[in-house]
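Residue numbers (the numbering used here): 374 to 551. From the three backbone atoms N, C-alpha and C, an ideal C-beta is built for every residue, glycine too.
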């Protein structure tokens, strides 16, 4: 089966409304007919910032139903084995670099994270800060902020009955990033 590519825009709303809209989109997927090449695969193009794209990939290796990975097109986050989907540690490292390298800009980054957590459409255009990838190349911090938005959504889909997005937000707090 081919990889289906879908452009998706998350509607404005509260946490519950956004989760419901995203899961409803997933419910329209065509079923697979087996494993490997017989599985249906999806790429949801969800954000762009300059030359960067954020996309969701389904299904994941973990097969958790509504789970997905958040990926950044054209970027890699790992040193040993290259992945396009940033881990929470990759997010913490990128934000820590930004905090220490661009301290005068970081309050705007912090406010954007809090807005995103609270399901408010954050204005990212005024932020002038960067993070480094594993090769030392700087990229706009907006890429990480958009990835965070979708990592929050991933946690709301996979862990709704627990704390959902709060898990990542608490991690950001522990690192002093919000």
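Sequence-distant residues of the same chain with beta carbon closer than 7 Å to residue i, five excluded per side
i           : result
residue 458 : 442, 443 and 444
residue 417 : 379, 381, 428 and 429
residue 398 : 381
residue 402 : 413 and 415
Delimiting residues of the beta strand (DSSP E) encompassing residue i
i           : result
residue 440 : Counting along the chain, residue 440 falls outside any beta strand (DSSP E), and DSSP gives it neither H nor E.
residue 379 : 376 to 380
Residues that DSSP places opposite residue i in a beta bridge
i           : result
residue 427 : 420 and 445
residue 414 : 376
Coil, strand or helix - residue i by DSSP
i           : result
residue 506 : coil
residue 450 : coil
residue 403 : coil
residue 434 : coil
residue 545 : helix
6 Å CB neighbourhood of residue i in its chain, flanking five on each side removed
i           : result
residue 501 : 478
residue 383 : 391
residue 538 : 525, 528 and 529
residue 374 : 413
residue 475 : 502
Alpha helix (DSSP H) segment containing residue i, residue limits
i           : result
residue 389 : 388 to 399
Cβ-based neighbour list, residue i, same chain, cut-off 8 Å, excluding 5 preceding and 5 following
i           : result
residue 483 : 550 and 551
residue 544 : 461 and 465
residue 548 : 465, 468 and 469
residue 388 : 492, 529, 537 and 538
residue 533 : 392
Length-filtered (4 minimum) alpha helix (DSSP H) runs lying within the region 467 to 542: 479 to 490 and 515 to 531
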